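Participant: Numbering (the working numbering), first residue to last: 428 to 691. C-beta: ideal position from N, C-alpha, C; glycine also. This one's a predicted model, so the numbers in the text were calculated from it and none came from an experiment.
Okay, here's the thing in structure tokens:
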């Protein structure tokens with residue numbers, strides 16, 4: 428994985444491929460290297476003099492079309508935190524080990540420097556590396572028909588590494604939502620919205636909204652209101668094993684029910 432359409436990336440993309448394929452091609456290191464099809468089609472990549480030599484030794488995949496579940500054993504990301512989050516979203520079951528190299532301006536999840544790429548990757552391939560496990564949120568979205576107000580739309584299931592944001596989106600009206608913990612209503616939120624984040628996501632939108640950062644090894648979920656119109660609801664930390672339910676607050680006003688959007 429790498430960030431797309433950025434100056435200098437083709438050369439940096441070629442070096443990892445050369446290291447992984449080996450001088451004698453994929454057979455030398457007995458690896459199959461997968462590259463996203465959209466990256467292989469970029470003009471900056473295809474116009475590079477070394478690309479034709481590597482192209483025939485690569486496998487490609489397309490987001491949403493190819494199932495990578497049983498094909499990938501190890502992921503290398505070149506970019507920033509967004510690149511790693513995108514890679515995680517491609518695997519809606521277990522995620523293979525990810526090695527993220529920092530090429531952006533700010534990164535909490537990309538600890539490796541690209542300057543010594545070959546030595547660090549070689550150490551990992553030889554088994555000289557430690558794993559840091561990260562938890563993800565399982566998000567189930569249940570929709571109601573806007574005309575009838577009844578269910579019927581199939582639920583959407585997603586595994587999210589960073590956070591789930593329920594907010595008012597482009598609407599000028601406040602969001603009004605109820606928050607339930609293991610089936611028990613604990614509060615109502617009136618404001619710009621709500622952030623439900625993992626410890627990994629606690630360093631993202633949540634910390635900007637006033638929450639504390641949580642160590643990734645702590646089994647917890649952070650719940651953070653966004654600009655709440657209340658003095659009583661502040662960021663809270665709940666155990667990782669609980670079930671949180673967020674639902675639109677019932678109201679006679681259609682506009683109130685309409686002002687909830689979900690982002691990941």
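Give me the Cα-Cα distance between residue 524 and residue 658, rounded to the nearest whole angstrom.
Facilitator: Within the chain shown, the letter at position 97 stands for residue 524. Within the chain shown, the letter at position 231 stands for residue 658. If you take the alpha carbons of residue 524 and residue 658, they lie about 42 Å apart.
Participant: Is it the case that the Cβ atoms of residue 606 and residue 551 are separated by a distance below 8 Å?
Facilitator: Here residue 606 corresponds to residue number 179 of the chain shown, with the count starting at 1. Here residue 551 corresponds to residue number 124 of the chain shown, with the count starting at 1. The answer is no: Cβ separation not under 8 Å.
Participant: Are the region 475 to 482 and the region 542 to 562 in contact at 8 Å, needing three or more beta carbon pairs?
Facilitator: no
Participant: Could you compute how far the alpha carbon of residue 503 sits from the alpha carbon of residue 558?
Facilitator: To locate residue 503, count along the chain shown from 1; it is residue 76. To locate residue 558, count along the chain shown from 1; it is residue 131. Going from the Cα of residue 503 to the Cα of residue 558 covers about 14 Å.
Participant: In three-state terms, what does DSSP make of residue 637?
Facilitator: In the chain shown, counting from the first residue as 1, residue 637 sits at position 210. Coil.
Participant: Taking only runs that begin and end inside the region 520 to 574, name each unbroken beta strand (DSSP E) of 3 or more residues, in chain order.
Facilitator: 525 to 529, 564 to 568
Participant: Counting C-beta neighbours from all protein chains within 10 Å, is the total for residue 641 16 or more, i.e. buried, or is it exposed?
Facilitator: Looking up residue 641 in the chain shown gives position 214. Flag for residue 641 reads buried.
Participant: For a test of the three-state rule: what should DSSP assign to residue 667, helix, strand or coil?
Facilitator: Locating residue 667 in the chain shown gives position 240, counting from the first residue. Here residue 667 sits in coil by DSSP.
Participant: Could I get the ranges of all uninterrupted beta strand (DSSP E) runs contained in the region 576 to 616, with 3 residues as the minimum, in chain order?
Facilitator: 583 to 587, 590 to 594, 602 to 608
Participant: Comparing C-alpha positions only, which one of 593, 690, 498, 611 sits nearest to residue 604?
Facilitator: To locate residue 604, count along the chain shown from 1; it is residue 177. Of the candidates 593, 690, 498, 611, the one whose C-alpha sits nearest the C-alpha of residue 604 is 593.
Participant: Taking only three categories from DSSP, how would you classify residue 460?
Facilitator: In the chain shown, residue 460 corresponds to position 33, counting from 1. Strand at residue 460.
Participant: When DSSP labels each residue in this structure, what does residue 482 get in the three-state scheme?
Facilitator: Looking up residue 482 in the chain shown gives position 55. If DSSP states are grouped into helix, strand and coil, residue 482 belongs with the helices.
Participant: For residue 533, count neighbouring Cβ atoms within 10 angstroms of its own Cβ and tell me buried if that reaches 16, exposed if not.
Facilitator: Taking the first residue of the chain shown as 1, we reach residue 533 at position 106. Exposed: under 16 other Cβ atoms inside 10 Å.
Participant: Assuming the contact rule is C-beta atoms closer than 8 Å, residue 624 and residue 590 should be a hit. Round their C-beta distance to whole Å, please.
Facilitator: Here residue 624 is taken as the residue at index 197 of the chain shown, counted from 1. Here residue 590 is taken as the residue at index 163 of the chain shown, counted from 1. Contact flag correct, Cβ pair sits at about 4 Å.
Participant: Figure out for me which residue from 528, 643, 539, 530 has the closest Cα to the Cα of residue 629.
Facilitator: Looking up residue 629 in the chain shown gives position 202. Selected option, being the one with the closest Cα: 643.
Participant: Measuring CB to CB, does residue 621 end up less than 8 Å from residue 652?
Facilitator: Taking the chain shown and counting its residues from 1, the one referred to as residue 621 is at position 194. Taking the chain shown and counting its residues from 1, the one referred to as residue 652 is at position 225. Yes. Within cutoff.
Participant: Using the Cα positions of residue 583 and residue 539, report the straight-line distance between them to the nearest angstrom.
Facilitator: Within the chain shown, residue 583 is the residue found at index 156, counting from 1. Within the chain shown, residue 539 is the residue found at index 112, counting from 1. Looking at the two C-alpha atoms, the distance is approximately 34 Å.
Participant: What is the rounded straight-line gap between the Cα of residue 560 and the Cα of residue 588?
Facilitator: Reading the chain shown from its first residue, position 133 is the one you call residue 560. Reading the chain shown from its first residue, position 161 is the one you call residue 588. Near 11 Å, if we compare the C-alpha coordinates of residue 588 and residue 560.
Participant: What first and last residue would you give for the beta strand (DSSP E) that runs through residue 505?
Facilitator: Residue mapping note: residue 505 aligns to position 78 of the chain shown, counting from 1. Residue 505 -> beta strand (DSSP E) spans 502 to 506.
Participant: So residue 602 packs on residue 618, CB below 8 Å; how close in whole Å?
Facilitator: As a working mapping, residue 602 is identified with position 175 in the chain shown. As a working mapping, residue 618 is identified with position 191 in the chain shown. With a Cβ gap of about 6 Å, residue 602 and residue 618 count as contacting.
Participant: Who are the Cβ neighbours of residue 500 in its own chain at under 7 Å, not counting the five residues just before and after it?
Facilitator: Counted from its first residue, the chain shown places residue 500 at position 73. Residues 523 of the same chain have their beta carbon placed closer than 7 Å to that of residue 500, with the five preceding and five following residues left out of the count.
Participant: Would you please state the rounded distance, in angstroms, between the beta carbons of residue 506 and residue 530? I believe it to be under 8 Å.
Facilitator: To locate residue 506, count along the chain shown from 1; it is residue 79. To locate residue 530, count along the chain shown from 1; it is residue 103. Contact holds; Cβ gap of about 5 Å.
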